[in-house]
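In what follows, a structure is listed as structure tokens, so that the remarks can point back to it.
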Amino acid sequence: MENTLISLAHGFGIAFHLDNLWYAFLGCVVGTLVGVLPGIGPLSGIAILLPVTFGLNATQAVIMLAGIYYGSQYGGSTTSILMRIPGEASSVMTCIDGNAMAKKGRAGAALCISAVGSWVAGTFGVVMLTLVAPPLATIALKFGPPEYTAMLTLGLIFLAYMSSSSLVRTLLMACIGLLLGMIGIDNMTGHFRYAFDLPELGDGIGIVPVAVGLFGLGEILSTPSHTVVGEVISPKLRELLPNRQEWRESYMPIARGSVLGFVIGIIPGSAHIISSFLSYALERRISKHPEEFGKGAVAGVAGPESANNSASTGAFVPMLALGIPTGPITAVLMGALMVHGVNPGPQLVTEHPDVFWGFVASMYVGNLMLLALNLPLVGLFVTVLRIPYAYLYPLIIMFCIVGVYEVGHSIVDVWIMLIMGVLGYALRKFQFDPAPLVLGLVIAPLLEQSLRQSLIMSNGNYTIFFTRPISLGLLIVCAILLGLSAITFVLKQKDWRTKLAEAEAGEETT
Amino acid sequence: MTLRADHVAGAFFILFGIVVHALSGDLPTGQLSMPGSGFMPKIVATLTMLFGLALVLRAKESVPFSEVSWSGGQHALLVTVITAGAIALYEHLGFIVTMLLLIMTLLLVVERRHPLRAGLYSAALVLFTYVCFAWMLKTPLPEYSF
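The listed protein sequences derive, respectively, from chains S and L. Plus 304 on top of the position in the first sequence (first one is 1) and you've got the working numbering. Plus 528 on top of the position in the second sequence (first one is 1) and you've got the working numbering.
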């Protein structure tokens, strides 16, 4: 514990360096804008801006990109409350009561509760990250290839289980991602795989063209500008503070949302989306006035907004401590660290303490910045919301092209982005969520290498996965999750995942 | 029998798995004690086919293929073609000319905006971005190279 505090103090020394403060600030502002603007999610925002960080060192890069990530969680609530359009998926639940509060003339209070809840939850998440990640990394140092194989398999199955679309659809997307991740030179034998004599494919398909294509361009192709309309409710600055009753109704949902969000954030899957749904369901279940939900209940804003911010921070635990991304956003962040020569994983704390602790400390500062930024600048964000989408998306396409090209100065990457954009459009038409594809792409090399190493270690005896306690335990959890999914399927029950899908679909059609 | 969305999607993924198997023909599978470079791709391609088959078998839960909404398809096609044109020209015409053409074409052809407003917006946006990338962030952007 003492070591943790000393290291954290060292991290604050790094975070308070003027350059790092500037990049945290920049990340928070850009992230808020990314969250505010419909059509650009945190994933495409981070992927598009990744090349901008190439001139920075690893600490500055990850500070800025993480700022974009958690900044977008703050920003997403603004459009939800003022326009009833979720700026990004995790803000879907905030639309319901946030916009109802706005229509009752309490837009300012809803924005303030959402910002304070986000700050409390974000800070709670960072405290937990500070306490949990270093000991977890120490345990993970004992992991060998069989444990990594089991853990990555569990990650994929967890993602499929937690996903709001069906298990088969999610696993299908993950398989496509895994196959794409196997393009290029095989690290163990040197064979060229599926490169079609294109030297640019020798190093494989990058995560940036795939992520930007699927989520940036794909979203634009699926969204004709005439479908993006919305009335913006402008809150007055003097109405920003909630009254005493609203504060009283918000503090317990914020506390519950913070804890719930962090726990769910650690689990692979679209944690920030799931956590906001579960928090909303929990608040409605335990409320003395459940009939108020949907008509402007304060808890319906405070709980989900806190949960999604806490989950965003929780998702960093497995990424930093184990080197395993829990979702596509942390996968892109991992890719960003790798571009800078830093491999996330158990050795990160010991080999790159400046990056790890500087990043953790910057998140405390970043959350405070976001609280200070979001309320006074709400007028500016409302102005941004008034820019017609028809003028906005050509700008996003330009950034997609420039962003992808600048990663490796390769036009092949930009063509891949376009192909992925068209694929993303088609997948949406057939109700597939492209997020597991990105996760599959990122973990493919690690999964393949650890599986093959495990088999070589055991001289081809696959029981190696069942004779080592950690890997056996992880595989038992896999079996339980698959069993639970099978029961739901056989009994045709509507579990919470189906309800989540229905809630998301219902909100999209309003 | 009604052709449903998941029939089409499942069939596509089965076909995709078959194509991957065909392309993996010259990759050695190896043995369990020494897996080759084709080992993992073949396993994943087989899983893709199995999941595709599961999708086909459960297709009655999905909407009929004829009801899949393609509204906005024209927008998607136009944006794709214009973006493809910009990508093809990017390394030859450079950042400024290509992006100016891209944004203007999108605003004029897809969005039917006023030409003067579209021109001014495109020019201002491209120049601002160029200044940000080339001067402030010191990131080299492609120049005209014909």
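We treat Cβ as the ideally placed atom computed from N, Cα and C, and that holds for glycine.
| Query | Result |
| --- | --- |
| Outcome for S/Cys-332 when other beta-carbon atoms lying within 10 angstroms are tallied against a minimum of 16 | buried |
| Cutoff 8 Å: S/Pro-698 Cβ touching any chain L Cβ | yes |
| Reduced DSSP category for S/Arg-497 - H, G, I as helix; E, B as strand; rest coil | strand |
| beta-carbon S/Ala-625 near the ligand ATP non-hydrogen atom, thresh 7 Å | Among the ligands in the structure shown, none appear at all, so the ligand ATP cannot be discussed. |
| Cβ pair S/Met-397, S/Ser-529 closer than 8 Å | no |
| C-alpha gap between S/Val-669 and L/Thr-633, whole angstroms | 43 Å |
| Range covered by the alpha helix (DSSP H) that runs through L/Cys-660 | From DSSP, L/Cys-660 is part of no alpha helix (DSSP H); its letter is neither H nor E. |
| Nearest residue (CA-CA) to S/Cys-479, options S/Ala-414, S/Ala-464 and S/Met-492 | S/Ala-464 |
| L/Val-607 at chain S interface by Cβ criterion, 8 Å | yes |
| Any chain L beta carbon closer than 8 Å to S/His-644 | no |
| Beta-carbon gap between S/Gly-339 and S/Gly-380 smaller than 8 Å | yes |
| Enclosing alpha helix (DSSP H) for S/Arg-473 [first to last residue] | 471 to 485 |
| Any chain S beta carbon closer than 8 Å to L/Val-659 | no |
| Within chain S, partners of L/Arg-532 - CB distance below 8 Å | None at all; the shortest Cβ gap to chain S is about 10 Å. |
| Which listed residue (S/Gly-645, S/Val-682, S/Gln-651 and S/Leu-696) has its alpha carbon closest to that of S/Ser-418 | S/Val-682 |
| Partner residues on chain S for L/His-603, Cβ-Cβ distance less than 7 Å | Pro-528 |
| Cβ-based neighbour list, S/Pro-650, same chain, cut-off 6 Å, excluding 5 preceding and 5 following | Ala-441, Ala-444 and Leu-445 |
| For S/Gly-645, the three-state DSSP class (helix, strand or coil) | coil |
| From S/Asn-612, S/Gly-402 and S/Met-673, residue whose alpha carbon lies closest to that of S/Leu-325 | S/Met-673 |
| 8 Å Cβ cutoff, L/Val-584 in contact with chain S | no |
| Beta carbon proximity, S/Glu-523 to chain L, threshold 8 Å | no |
| Where the alpha helix (DSSP H) through L/Trp-598 begins and ends | Unbroken run through L/Trp-598: none, as it is neither H nor E. |
| Rounded C-alpha distance that separates L/Ser-565 from S/His-495 | 7 Å |
| Partner residues on chain L for S/Arg-756, Cβ-Cβ distance less than 8 Å | Pro-563, Phe-567 and Met-568 |
| Closer than 8 Å to chain L by CB, S/Glu-811 | Because S/Glu-811 carries a pLDDT of 49, less than 50, the predicted location of this residue cannot be relied on, and no value is offered for it. |
| 8 Å Cβ cutoff met for S/Ile-318 and S/Ala-665 | yes |
| Min CB distance S/Leu-482 to chain L below 8 Å | yes |
| S/Thr-813 versus S/Arg-388: straight-line alpha-carbon distance, rounded | Because S/Thr-813 sits at a pLDDT of 42, beneath the cut-off of 50, its placement in the model cannot be relied upon, and the following sentence gives the value as read from the coordinates. Cα to Cα, the separation comes out at about 11 Å. |
| Any chain L beta carbon closer than 8 Å to S/Asp-717 | no |
| Contact with chain L by S/Met-486, beta-carbon distance below 8 Å | yes |
| Within-8 Å CB hit, S/Tyr-584 to chain L | no |
| Euclidean distance between Cα positions of S/Glu-811 and S/Gly-598 | In this prediction, S/Glu-811 has a pLDDT of 49, which is less than 50 and means its spatial position is unreliable; what the coordinates show is noted afterwards. Rounded to whole angstroms, S/Glu-811 to S/Gly-598 spans 12 Å at the Cα level. |
| Per-residue contacts from L/Met-627 into chain S (C-beta, under 7 Å) | Met-702 |
| S/Asn-678 burial status per 10 Å Cβ neighbour count (16 or more: buried) | buried |
| Separation of L/Arg-645 from S/Ile-628, as counted between CA atoms | 48 Å |
| Test: S/Val-621 CB closer than 8 Å to a CB of chain L | no |
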